[in-house]
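The next block holds one structure in the form of structure tokens; read it before the comments.
There are 2 protein chains.
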Amino acid sequence: MTVSEIGEPGLLERVFPRLPESRATVVGPGDDAAVLAVGGGRVVATTDVLVEGRHFRQDWSSPRDVGRKAAAQNLADVAAMGGVGTALLIGLALPGDTELAWVEAFYDGVREECGPVGAGVVGGDLVRSEHGITIAVTALGSMDGREPVTRGGAKPGDVVAIAGRVGWSAAGLAVLSRGFRTPRALVDAHRFPSVPYAAGPVAAELGATAMTDVSDGLVADLRSIAVASGVSIEITSDVLEVTPQMRDAAAALGVDPVRWLLDGGEDHALIATFPGKIELPEPWLTLGRVVRGRGVYVNGQPSDDQGFDHFR
Amino acid sequence: MTVSEIGEPGLLERVFPRLPESRATVVGPGDDAAVLAVGGGRVVATTDVLVEGRHFRQDWSSPRDVGRKAAAQNLADVAAMGGVGTALLIGLALPGDTELAWVEAFYDGVREECGPVGAGVVGGDLVRSEHGITIAVTALGSMDGREPVTRGGAKPGDVVAIAGRVGWSAAGLAVLSRGFRTPRALVDAHRFPSVPYAAGPVAAELGATAMTDVSDGLVADLRSIAVASGVSIEITSDVLEVTPQMRDAAAALGVDPVRWLLDGGEDHALIATFPGKIELPEPWLTLGRVVRGRGVYVNGQPSDDQGFDHFR
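Structural data, given as structure tokens:
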């Protein structure tokens with residue numbers, strides 16, 4: 001049996017029981033990030049690997065774009081726990097013929113993305129590979145006294161809300177895949193996301209009961225909250241915006257733009273559940289509600305989106 | 001200019017000024033590990049990337065060996081700061097035809113190596129690659145009130161000492177490279193190191209002034225202490241043991257086994273400098289002394305070993 005035959009969920013099922021437990025664990029593997037108790041404080045830790053050809057293409061993305069994306073998707077995981085990113089460690093495996101200018105621009109992108117968050121790069125490893133660029137980023141963050149928000153705490157009666165945009169990256173990818181380079185806003189959104197970092201800690205302070213970021217798709221990631229919390233989630237799609245550019249691109253490509261909103265990943269919006277009586281500040285926008293049961297319902301219909309399998 | 005043309009030191013010189021700084025940094029990039037201030041405590045963080053074909057070969061190492069090695073070299077970096085490893089995050093990029101059994105045995109190896117240290121695996125990422133296995137491990141550790149020991153604090157008059165063995169991995173690699181599978185002890189030492197983890201925190205408590213682990217070679221890593229500290233280091237090689245197996249293997253291969261001791265990497269012994277009057281407990285063994293000047297001297301002769309360049 002190979003990893004592509006068993007697929008990602010099956011693989012995780014076989015791997016998780018083998019993992020040694022850490023005495024410092026507050027939140028263990030399986031959520032957006034782990035949380036560890038360290039010296040009276042709590043540190044958030046998460047890691048992502050980006051493989052050239054699968055997670056980025058050099059003909060579609062500049063090295064600066066790749067650096068921003070690599071930093072952003074890890075810093076988004078920290079925000080999705082209610083943390084603030086403080087430090088990155090970056091492992092790079094590079095073919096020997098990689099241009100020095102590529103590496104420099106990659107780190108420039110990392111620095112740009114870290115700036116508003118206040119995170120730094122504190123370590124890394126540079127090694128040679130034979131085939132393509134592989135990037136491994138670990139982000140560390142601090143909770144500053146907030147309780148970590150996992151995917152597992154949503155309760156019937158909670159409100160479901162979103163901060164940030166969805167569908168943009170998927171629309172950009174669709175455009176690029178057909179050989180176009182415009183609309184620029186969509187293509188740029190695929191190159192690196194625009195993450196509402198501050199909304200994560202704000203949600204934790206407001207008492208969010210569950211949270212994650214939209215990396216695999218809105219419905220797929222809502223489902224991860226529904227499954228982890230043992231609840232059902234009902235949303236309406238009409239509060240999500242199909243922008244004029246999205247509508248035009250969808251018309252040109254002959255697709256339904258609402259699928260981008262519901263199934264498109266990699267925009268790293270934050271989605272969270274809150275006790276029903278909390279007034280949500282911007283940019284949080286109410287999407288629906290948590291009810292008893294299971295599954296995700298969109299406009300009253302059950303959704304069977306299964307999300308993205310990294311091995312299939 | 002490509003990365004293999006500029007080489008590792010040149011690449012680092014170009015990358016370091018581009019790295020954003022973290023407000024939490026106690027020890028920044030360039031040492032064995034970073035140290036961050038988190039909630040009143042200090043967390044050690046380090047990352048290493050292993051590329052199939054460069055850092056391990058499936059025909060020489062079992063997946064369990066690879067798991068042990070990947071965990072060990074990161075936990076050794078934590079020990080070399082005087083820390084104790086608490087948590088690993090592991091990113092794996094795997095070809096789709098990787099056997100599930102390989103992945104399971106890899107994590108079994110990680111678990112075995114973590115056991116005595118008490119570290120756990122708290123997170124990770126599993127993605128598909130097109131070419132070969134790439135492994136990115138980040139280790140986090142705690143200082144438990146000890147001061148981190150960098151490479152930069154050695155002072156003239158200090159004693160230079162070593163804990164753990166050197167030359168074993170290089171001897172094993174030499175044997176494997178010639179197509180042999182024995183002596184088993186040397187070959188096994190190449191497959192995964194035997195790291196004296198506890199000696200790191202002990203050294204920090206004793207007041208070690210500088211410390212690192214032997215990943216590139218004894219002389220090369222002593223040189224990294226000499227350069228960072230602005231001192232010269234003098235050692236004698238006769239306190240290092242050429243084992244009977246090493247002597248026999250060297251004779252069979254027609255090489256000088258002392259080169260394995262001085263230049264062989266990947267055994268992850270710890271080397272440290274201590275104020276001259278401290279009585280060193282086992283397994284610490286005195287190798288030489290720190291003097292004014294620059295460079296590393298072995299048995300009175302200047303050594304020009306340049307260490308291992310990951311890009312050349």
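Chains as they are written, first to last, in UniProt numbering: chain V, 1 to 312; chain C, 1 to 312. C-beta atoms are modelled at their ideal positions from N, C-alpha and C, and glycine is treated no differently. Predicted model, so just to flag it, every value in this text is computed and none were measured.
Heavy atom of the ligand GTP within 7 Å of residue i beta-carbon
i               : result
I235 of chain V : Within the structure as shown, the ligand GTP is missing, as the structure has no ligands at all.
Min CB distance residue i to chain C below 8 Å
i               : result
T2 of chain V   : yes
G41 of chain V  : yes
T182 of chain V : no
A79 of chain V  : no
D48 of chain V  : yes
T86 of chain V  : yes
Residue i and residue j closer than 8 Å at C-beta
i               : j               : result
V15 of chain C  : Y107 of chain V : yes
A189 of chain V : D263 of chain V : no
S129 of chain C : A93 of chain C  : yes
A105 of chain V : T150 of chain V : no
G295 of chain C : P302 of chain C : yes
D158 of chain V : G39 of chain V  : no
A154 of chain V : V44 of chain V  : no
G83 of chain C  : P201 of chain C : yes
A34 of chain V  : G85 of chain V  : no
L88 of chain V  : A37 of chain V  : no
D32 of chain V  : D77 of chain V  : yes
A250 of chain V : P244 of chain V : no
G207 of chain C : T47 of chain V  : no
G152 of chain C : S215 of chain C : no
Residue-chain proximity (residue i, chain V), Cβ-Cβ < 8 Å
i               : result
I6 of chain C   : yes
D108 of chain C : yes
G276 of chain C : no
F311 of chain C : yes
R57 of chain C  : no
A75 of chain C  : The amino acid at residue 75 of chain C is misidentified as Ala; the sequence shows Leu. False, the Cβ-Cβ gap to chain V never drops below 8 Å.
V121 of chain C : yes
S142 of chain C : yes
Contacting residues, own chain, Cβ-Cβ under 7 Å from residue i (five flanking each side not counted)
i               : result
L11 of chain V  : V3, F311
A204 of chain V : G82, R146, E147, V149
A24 of chain V  : L36, A37, V38
V219 of chain V : L262, D263, V296, V298, S303, D305
Alpha-carbon to alpha-carbon, residue j and residue i
i                      : j               : result
W260 of chain V        : V166 of chain V : 8 Å
T212 of chain C        : E241 of chain C : 20 Å
I133 of chain V        : P156 of chain V : 45 Å
G30 of chain V         : G123 of chain C : 7 Å
E282 of chain C        : Q73 of chain V  : 46 Å
I233 of chain C        : T286 of chain C : 12 Å
S194 of chain C        : L280 of chain C : 21 Å
S169 of chain C        : G300 of chain C : 26 Å
T182 of chain C        : A272 of chain V : 58 Å
C114 of chain C        : A71 of chain V  : 28 Å
A199 of chain C        : S237 of chain C : 21 Å
V137 of chain V        : V49 of chain C  : 11 Å
residue 400 of chain C : E99 of chain V  : Chain C is shown from 1 up to 312; residue 400 of chain C falls before or after that span and cannot be answered.
residue 318 of chain C : L176 of chain V : Residue coverage of chain C in this structure runs from 1 to 312, which leaves residue 318 of chain C outside it and unanswerable.
D97 of chain C         : V51 of chain V  : 16 Å
I162 of chain C        : G7 of chain V   : 46 Å
L186 of chain C        : S229 of chain C : 33 Å
I278 of chain C        : R57 of chain V  : 56 Å
V127 of chain V        : L75 of chain C  : 19 Å
G53 of chain V         : D59 of chain V  : 10 Å
P95 of chain C         : H131 of chain C : 6 Å
F290 of chain V        : L253 of chain V : It should be pointed out that residue 290 of chain V corresponds to Val in this sequence rather than to Phe. Approximately 35 Å, taken between the alpha carbons.
V26 of chain V         : F274 of chain V : 22 Å
Closer than 8 Å to chain A by CB, residue i
i               : result
F192 of chain V : Any reference to chain A falls outside this structure, whose protein chains are V and C.
Neighbourhood of residue i by C-beta distance below 8 Å, restricted to the same chain and skipping five residues each side
i               : result
E112 of chain V : R64, G67, R68
L222 of chain V : V160, I233, I235, I271, V296
E21 of chain V  : G28
V255 of chain C : A174
P116 of chain C : Y197
Cβ shell of residue i (< 6 Å), same chain only, five flanking positions each side left out
i               : result
R191 of chain C : S61, D65
V227 of chain V : none
M246 of chain V : A171, P257
A79 of chain V  : Y197, G200
At a Cβ cut of 7 Å, what residues of the region 16-44 of chain V count as close to chain C, listed as they run along the chain? R18, L19, P20, E21, S22, R23, A24, T25, G28, P29, A33, A34, L36, V38, G39, G40, G41, R42, V43
When Cβ atoms are compared, which residues of the region 123-139 of chain V fall closer than 7 Å to chain C? G123, G124, D125, L126, V127, R128, S129, E130, H131, G132, T134, A136, T138
Residues, ordered as in the chain, of the region 90-102 of chain C that lie near chain V by beta-carbon distance below 9 Å: I90, G91, L92, A93, L94, P95, G96, D97, T98, E99, L100, A101, W102
Which residues of the UniProt domain "PurM-like C-terminal" (155-248) of chain C have a Cβ closer than 9 Å to any Cβ of chain V? Give them in chain order. none
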